[in-house]
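Reading through the structure tokens given below for one structure.
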Amino acid sequence: MAVMTTEQERDLLYSLIARRRSVRQFTDAPIDELALMRILTCAQGINSVDGKRGAPSAHALYPLGLTVLVRRVRAVEAGSYVFDPQRNRLDRLAHVPVSGSLLSVSLADDEWLETAPVVIVISADHDLALRHFSDQQPDGLRGARYVDVETGAVAQNLYLAAQAENLGGVLVMGIDDEALARQLTLPAAHKPVALFCLGQGQAS
Numbered sequence: 001m002a003v004m005t006t007e008q009e010r011d012l013l014y015s016l017i018a019r020r021r022s023v024r025q026f027t028d029a030p031i032d033e034l035a036l037m038r039i040l041t042c043a044q045g046i047n048s049v050d051g052k053r054g055a056p057s058a059h060a061l062y063p064l065g066l067t068v069l070v071r072r073v074r075a076v077e078a079g080s081y082v083f084d085p086q087r088n089r090l091d092r093l094a095h096v097p098v099s100g101s102l103l104s105v106s107l108a109d110d111e112w113l114e115t116a117p118v119v120i121v122i123s124a125d126h127d128l129a130l131r132h133f134s135d136q137q138p139d140g141l142r143g144a145r146y147v148d149v150e151t152g153a154v155a156q157n158l159y160l161a162a163q164a165e166n167l168g169g170v171l172v173m174g175i176d177d178e179a180l181a182r183q184l185t186l187p188a189a190h191k192p193v194a195l196f197c198l199g200q201g202q203a204s
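Under UniProt numbering, think of the first position of the sequence shown as 1, with each following residue one higher.
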């Protein structure tokens with residue numbers, strides 16, 4: 001059944017899409033904890049009683065995960081966290097990447113990887129997706145396409161939710177995946193796919 005929206009809701013969505021831009025320069029201002037949680041919920045949080053999430057996933061497989069590197073968030077200790085969509089919370093990880101480690105895995109010297117108040121790591125269980133969709137094409141690799149498309153949906157949700165919170169962000173995919181994986185504690189069987197830098201954008 002179609003969900004009816006008001007004109008105000010419609011106009012707000014179109015406005016967010018029109019204003020969406022990549023932001024690479026961030027202030028030192030910390031992010032509000034509740035704003036961060038709302039953004040993460042839009043990306044991968046459960047938002048219905050049937051377990052569906054903010055971003056679509058073929059067959060409701062949900063092979064993606066979010067690891068959150070916190071530098072400057074009010075009321076949240078700096079460190080590395082994994083987002084738990086079932087409980088809608090951040091669980092602290094023991095390992096914290098050292099300063100400069102993200103820049104060291106960038107393929108384009110993206111300095112915002114080190115200056116952003118928050119970096120969200122989008123990771124995926126590729127093997128899960130490959131197995132699940134193995135019968136959809138002869139070489140059994142259809143699952144890789146689903147991972148890529150779902151990553152894009154999550155990234156767009158991050159962009160729009162950040163804009164709704166008067167924050168900015170930028171998606172980074174030019175990374176050495178294997179080197180980055182060694183720097184992080186990711187969910188079991190997950191590999192990094194993309195990074196999303198988040199914070200208060202500097203005035204241009």
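Yeah, the Cβ is synthetic: ideal placement off N, Cα and C, and Gly gets one too.
Can you grab the Cα-Cα spacing for the pair residue 285 / Asp-139, in whole Å?
In the structure as shown, the chain begins at 1 and stops at 204. Residue 285 is therefore absent and cannot be evaluated.
State the beta-bridge partners of Ile-31 as determined by DSSP.
DSSP output for Ile-31 lists Val-73 as bridge partner(s).
Range covered by the alpha helix (DSSP H) that runs through Leu-130
Note, Leu-130: alpha helix (DSSP H), 126-132.
For Ser-101, which three-state DSSP category applies?
Three-state DSSP puts Ser-101 in a helix.
I'd like the span of the alpha helix (DSSP H) that includes Ser-15, first residue to last.
If you look at Ser-15, you'll find it in the alpha helix (DSSP H) that goes 7-19.
Close-in-space but distant-in-sequence residues of the same chain around Val-73 (CB under 7 Å, 5 per side omitted):
So the list reads Pro-30, Ile-31, Glu-33, Leu-36, Pro-117, Val-118, once near-sequence residues are dropped.
If you reduce the DSSP assignment to three classes, tell me which class Thr-185 lands in.
Reduced to three states, the DSSP call for Thr-185 is coil.
Can you tell which of His-59, His-190, Arg-87 has the C-alpha that lies nearest to the C-alpha of Gly-45?
Checking every option, the nearest Cα to that of Gly-45 belongs to Arg-87.
Which term fits Ser-134, buried or exposed, when burial requires 16 or more other beta carbons within 10 angstroms of its beta carbon?
In summary, Ser-134 is exposed, with fewer than 16 beta-carbon neighbours lying within 10 Å of its beta-carbon over all protein chains present.
Glu-77: buried (16+ other C-beta within 10 angstroms of its C-beta) or exposed?
Around the CB of Glu-77, fewer than 16 other CB atoms lie within 10 Å, so the residue is classed as exposed.
Need the endpoints of the alpha helix (DSSP H) that Val-147 sits in, please.
Bounds of the alpha helix (DSSP H) holding Val-147 are 142-164.
Between which two residues does the beta strand (DSSP E) holding Leu-167 run?
Per DSSP, Leu-167 lies in no beta strand (DSSP E) segment and is marked neither H nor E.
Using a threshold of 8 Å, state whether the C-beta atoms of Leu-195 and Leu-167 are closer than that.
By the CB criterion at 8 Å, Leu-195 and Leu-167 fall outside the cutoff.
Would a C-beta distance cut-off of 8 Å place Ser-80 and Val-96 closer than the cut-off?
Val-96 is positioned such that its CB atom lies closer than 8 Å to that of Ser-80.
Using DSSP with H/G/I as helix, E/B as strand and the rest coil, what is Asp-177?
In the three-state DSSP reduction, Asp-177 falls in the helix class (H, G or I).
Spatial neighbours of Leu-102 in its chain, beta-carbon cut-off 8 Å, leaving aside the 5 residues before and after:
The beta carbon of Leu-102 is closer than 8 Å to those of Leu-69, Leu-113, Glu-114, Val-119, Leu-180, Gln-183, Leu-195 in its chain, skipping five residues each way along the sequence.
Bridge partners for Gly-65 per DSSP, in chain order?
Gly-65 is bridged to Ser-123.
Pull up the distance between the alpha-carbon of Leu-171 and that of Asp-11, whole angstroms please.
One C-alpha to the other measures close to 25 Å.
Work out the CA separation of Leu-16 and Asn-157 for me, nearest whole Å.
Cα to Cα, Asn-157 sits roughly 11 Å from Leu-16.
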